[in-house]
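Numbering (my numbering), first residue to last: -13 to 94.
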């Protein structure tokens, strides 16, 4: 799932907008997200990370299994439409954003 950042470069909190269907039904195309920096990683968290194969392209996925200190497997909730670690392998999430608020689509 791709997301577009609505942010400043050095912010402690960032806003993103979901732009595809790979995380449905959890996240819907057009829905807003608010994310913060967090160094506490747990399986199942929603994280916004840069795509490992496309610089400056942000994706939101769920943390799966931990591979090593910084790399995790990422999973899409809607595996029929989304790419995840099955396609691009484990991802370094040390520079990721933790999703803390999902803004309802009707408020966007």
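We treat Cβ as the ideally placed atom computed from N, Cα and C, and that holds for glycine.
Give the secondary structure of residue 84 by DSSP, where H, G and I count as helix, E and B as strand, and everything else as coil.
-> Counted from its first residue, the chain shown places residue 84 at position 98. In the structure shown, residue 84 sits in a strand (DSSP, three-state: E or B).
Residue range of the alpha helix (DSSP H) that includes residue 72 = Residue numbering aside, residue 72 sits at position 86 when the chain shown is read from its first letter. Where residue 72 is concerned, the enclosing alpha helix (DSSP H) starts and stops at 71 to 74.
Candidates 59, 80, 79: which alpha carbon is nearest residue 70's?
-> Walking along the chain shown from the start, residue 70 turns up at place 84. For residue 70, the nearest C-alpha among the options comes from 59.
Can you tell me which of the three DSSP states residue 101 falls into?
-> Outside the shown range of the chain (-13 to 94) lies residue 101, about which nothing can therefore be said.
Three-state secondary structure (DSSP) at residue 7?
-> If you number the chain shown from 1, residue 7 lands on position 21. Collapsing the DSSP output to three states places residue 7 in coil.
As assigned by DSSP and simplified to three states, the class of residue -2 | Mapped onto the chain shown, residue -2 falls at position 12. Residue -2: coil per DSSP, three-state reduction.
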